[in-house]
Amino acid sequence: MSLGSQKMKSKGSSGIVLNAELHLRQQMIDELKFNLTNTSNPADDSNFTQNLESIKKMTYIFNPMKWRWAAEKQVEITINNSTATKTCEIIIKGRDSDNANVKKEFDAFIGWLRIYAVIRHPNDYVSPRILRPAMRKDCRHIEERISRVTDTKRTPVDLYKGVQGSTATRETRMEVVAWIAVCKFDCKLEGGFVRDWIVGHYTLRPPGVTDPKKWIDTSNPMPALVKQVIPCDLDCHLPSHMYFDIEKFQDELYKYGLTCEVHRDAWRYVLLFDEDKPTGPFTMDLIEPHVALTHDRIDLDVNNLSVDTDYTYELGMRIDIQRKPYEIELEKIVTNIKNKRFKVLRPVDHYVGLRINKMQQRGWTQDGPIISVMPDPHYKYDAVLVPLPSSGTLYTDVSTKMKSISSVQIVSIEEIRNPYLEETYEGMKKLIAKQCSNQNPNEQELFHGTKSAGTQGITDDGYDDRYFNTGSLYGHGAYFADDPNK
């Protein structure tokens, strides 16, 4: 047993030694308390405050994190939410070093809340549904692959064939691992495997590489495969309602002759399978819900699909992009996957740029211009503001025009998402288009200037067209210019 820089050895019968070790460990237990609250950081904004408010109402999303620390380090985490004092108290009972590491995890989570616009509710997804009849008749093969991952009625014999049978492949072995996660632990399977294998039925291997071990990208601290391998990995989100620990998961794998290396990243488990198998290795990410729910936006439409337990013919969506004004239906996504096309759904920053480049290197093409799919605001609020990435095209365009004003200083450029105003705007645009001979409402990108006191009203309620003044630079009203200097 290690005590700081010192080591202690115990000798005696097993019962005495184990009891002594238990007693010593109990004496080393300490308690750490802190509040999950706003730390009055000057950089904090309304989005962070709203996210923190939401967290206090769904502390159960931390369950897998609590179970992990209890199982692996015997650390007890208690979360007490007080609506009266509007605080969320965290109590950690464990050794000092473990307590400090738990605190670091919560601090990292607070950091994510500051970065992302909206933390999603666990039920904020599009439930799986069957493809419409016109498309479904040509997609029975997709339903077969869905059922191999989601059907709880699959027999052990059938599963064993997928792992060890004469016709077993790397992909059938991946299906069995995914089945264990989805059907035994109620995980949600998302991302590349759904896109590339379940829907697209695509496979690819690095050309000229005969040793599958060389598929592993050794430049990463976590196990990862080179981008020429398709399908590459399994992305699973752990549920908050069903107990999970990694050893129990490995026990289920072992029943079918599957083993893996377990690696723990700051925010996920990364499992490496089949490193020495002739079929070739693959990886799996297991992501806890408090982390997954901070991912409030989707990069590409084809990455938005998911499959769920006992939905044996259906596909779901991680984020609702069917609503107006986006109106991207499930069938459109499936069609894009079949034709190796993708639509970009957020402004391009460094990471989105890498995703686009990776898809294009795999032979995919971009479908139309970029659209910005923003999350809905928290239910108690009218709007959410999302900063534009400084590397994005829209940011560059707006900032270039604004800098034409002498001595201007840009603090931030943000997009506004207000569903009620959006609905009104889209409705008015259609009415105006009907009255135009060419059905073109002449939509333009314009500028409006106002003092800081007026910005909240515009964000929440829009422009008040009861006021109008043609001769002023600032003031009340709904007046616009095509040049910020006007």
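When we follow full-length UniProt numbering, the leftmost residue of the sequence shown carries the number 1, and every step to the right adds one. Note that beta-carbon positions come from the ideal geometry of N, C-alpha and C, so glycine has one too.
Contact between the stretch 153-173 and the stretch 268-284 is present, with at least three C-beta pairs closer than 8 Å.
The beta-carbon separation of residue 382 and residue 117, rounded to 14 Å, does not stay under the 8 Å limit for a contact.
Nearest in C-alpha terms to residue 190, of all of 291, 63, 307, is 307. Within its own chain, the residues whose Cβ lies closer than 7 Å to the Cβ of residue 378, once the five positions on either side in sequence are excluded, are 50, 54, 118, listed in chain order. Cβ-Cβ distances below 8 Å link residue 121 to 54, 58, 293 in the same chain, with the five nearest sequence neighbours on each side left out; the list follows chain order. Between the stretch 408-427 and the stretch 447-455, the count of Cβ pairs shorter than 8 Å is below three; the stretches do not touch. Secondary structure of residue 396 (DSSP, three-state): helix. Looking at 179, 432, 376, 154, the one whose alpha-carbon comes closest to that of residue 415 is 376. Take the alpha-carbon of residue 74 and the one of residue 94: they are about 7 Å apart. Taking 8 Å as the cut-off, the Cβ atoms of residue 313 and residue 146 count as close. For the 8 Å CB-CB criterion, residue 110 and residue 34 do not form a contact. Judged by DSSP secondary structure, residue 73 falls within the alpha helix (DSSP H) whose first and last residues are 63-73. The way I'd put it, the stretch 359-371 does touch the stretch 336-344; three or more beta-carbon pairs between them come closer than 8 Å. The way I'd put it, the stretch 137-153 does touch the stretch 192-200; three or more beta-carbon pairs between them come closer than 8 Å. Apart from the 5 residues on each side of it in sequence, residue 321 sits with its Cβ closer than 6 Å to the Cβ of 328, 373 in its chain, given in chain order. Residue environment analysis places residue 285 among the buried positions, since at least 16 neighbouring C-beta atoms fall within 10 angstroms of its C-beta. Taking 8 Å as the cut-off, the Cβ atoms of residue 384 and residue 417 count as close. Two segments are said to touch when three or more pairs of C-beta atoms, one from each, lie closer than 8 Å; by this definition the stretch 265-276 touches the stretch 222-241.
For residue 353, the three-state secondary structure derived from DSSP is helix.
The Cβ atoms of residue 243 and residue 69 lie no closer than 8 Å to each other. Boundaries cannot be given for residue 410, as no alpha helix (DSSP H) includes it and DSSP labels it neither H nor E. Taking residue 358 as reference, the option from 230, 27, 52 with the minimal CA-CA separation is 230.
Here DSSP, grouped into helix, strand and coil, assigns residue 269 to strand.
The residue from 464, 48, 257 with its alpha-carbon nearest to that of residue 159 is 257.
Boundaries of the alpha helix (DSSP H) harbouring residue 336: 330-338, taken from the DSSP string.
Taking the Cα of residue 250 as reference, the smallest distance to any Cα among 36, 202, 181, 463 is reached at 181. Per the coordinates, the alpha-carbon of residue 164 lies some 13 Å from the alpha-carbon of residue 253.
According to DSSP, residue 31 shares a beta bridge with 93. Excluding five sequence positions before and after residue 22, none of the CB atoms of its chain fall closer than 7 Å to its own CB.
Membership of residue 386 in the beta strand (DSSP E) is indicated by the continuous run 384-387. Taken atom to atom, the span from the alpha-carbon of residue 454 to that of residue 61 is near 37 Å. Rounded to the nearest angstrom, the gap between the Cα atoms of residue 17 and residue 11 is 7 Å. In the same chain as residue 28, and ignoring 5 residues on each side of it, the C-beta atoms closer than 7 Å to its own belong to 95, in chain order.
In the three-state reduction of the DSSP assignment, residue 48 falls in the helix class.
The residues 238, 244, 288, in chain order, have a CB closer than 6 Å to that of residue 64 in the same chain once the five nearest residues on each side in sequence are set aside. Spatial neighbours of residue 402 in its own chain (CB-CB distance under 8 Å, excluding positions within 5 residues in sequence) are listed in chain order as 408, 410, 484.
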